[in-house]
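Trainee: Residue numbers (the working numbering): 3 to 269. Ideal Cβ placement from N, Cα and C applies to all residues, glycine included.
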Amino acid sequence: MNVQRSTTFEKNADFALELPYSGYVTTDKSWRQSPLPTDISRLYLVEAGNGVIYSGGERMVLEPGYAYLAPKGLPCGYCGNDSVTKLFFHVKLTQKHRDLFEGARHFASFRIPIERIQEMTALYFSEDKADQTRLRAAILEILFRFLQDERCRREELPDLSPLTERALAYIGNRLCANLCVREVAEHCYVSAALLRRRFREEMGMSPAAYIERCVMQEARRRLTEGEESLGVISERLGFCDQFYFSRRFRAFFGVSPREYRNGHFYT
């Protein structure tokens, strides 16, 4: 028996897709926001109406029958004319702890039949687990098509070393606002200077920046997915008090936690 294996398949089989927030919405004129930093990529599948997403000098009109991607990290503002009907997803597509759309500096789009958007909307509201699996497969297909677009490509980074992987695991298990780089380095049995250098080379950012980003992502998730008070969220994430948490959140996202929870910043 001769077993043939694809090393390309095995190498690319470790993609992870997270969809922390999603919905089907028909907006009104209140769907309007100046560009704000975002910690998540947004996928819009527009069924009807018209709108605009913009960042700096870039402006993209939302039209029916198109898929749009606003990549993570690109400040995104938006507004609708009269209304926009869309199926939307916050998406995080990672491989080896790295978001594949982070670092992209442009919006991207391609045509998709409205009938396909309607099919995906039906799958979205289906209670059948098989339909949910089909929907995830459809979303992945769309995202991989965006990955072929040079506007969405991020800079290639080297493979992760055992040191960085160990540090990432420790940060994930001990995530809190007061987690310091020295503690992570001690767990990894290296100096803080070595960890900072290796982490920046392999992750494209400092470990401190990565910790802050993860804390803020978790804060955002708790604000949009639950009903915990700001005091409870700040305590569980290790902030000294709610007011310091609010200042840090505003510095990162450009709005207060309360404004984020009560606004349309995630649609």
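1) At what residue ranges does the region 77–109 contain a whole run of the beta strand (DSSP E), taking only runs of 3 or more?
2) For F17, which of G53, A132 and L145 has the nearest alpha-carbon?
3) Tell me where the beta strand (DSSP E) around T28 begins and ends.
4) If I measure Cβ to Cβ from S57 and keep anything under 6 Å in the same chain, skipping five residues before and after, which residues do I get?
5) Per DSSP, which one or two residues make a beta bridge with S57?
6) CA-CA distance, E65 and A72?
7) Pull up the distance between the alpha-carbon of M207 and that of F201, whole angstroms please.
8) Roughly how many angstroms separate the alpha carbons of G82 and T29, rounded to a whole number?
9) Out of curiosity, what's the CA-to-CA distance linking L162 and L21?
10) In three-state DSSP terms, what is F241?
11) For V48, which beta-bridge partners are listed by DSSP?
12) Of all the options D243, A140, E203 and D151, which has the alpha carbon lying nearest to the alpha carbon of L102?
13) Can you round the beta-carbon distance between L47 and K74 to whole angstroms, since I take them to be within the 8 Å contact cut?
14) For A194, which residues from the same chain have a beta carbon less than 6 Å from its beta carbon, with the 5 sequence-adjacent residues on both sides left out?
15) Alpha helix (DSSP H) containing R138: first to last residue?
16) Between the beta-carbon of N52 and the beta-carbon of V86, is there less than 8 Å?
17) Would R147 and F112 be called neighbours here (beta carbons separated by less than 8 Å)?
18) So, for D41: in the same chain, excluding its five sequence neighbours on each side, which residues have a beta-carbon less than 7 Å away from its beta-carbon?
19) In the DSSP assignment, find the beta strand (DSSP E) that holds R34 and state where it starts and stops.
20) In three-state terms, what does DSSP make of R176?
21) Are the beta-carbon atoms belonging to C178 and G240 less than 8 Å from one another?
22) Drop a sphere of 10 angstroms on the beta-carbon of E203, count the other beta-carbons inside from all chains shown, and report buried for 16 or more, exposed for fewer.
Mentor: Looking at the coordinates:
1) 78–97
2) L145
3) F17 to T28
4) P37, L76, P77 and C78
5) E60
6) 15 Å
7) 7 Å
8) 7 Å
9) 24 Å
10) coil
11) Y68 and K88
12) D151
13) About 18 Å; that fails the 8 Å criterion.
14) V183, R184 and A187
15) K131 to L149
16) yes
17) yes
18) K74, R215, M218, Q219 and R222
19) R34 to L38
20) coil
21) yes
22) exposed
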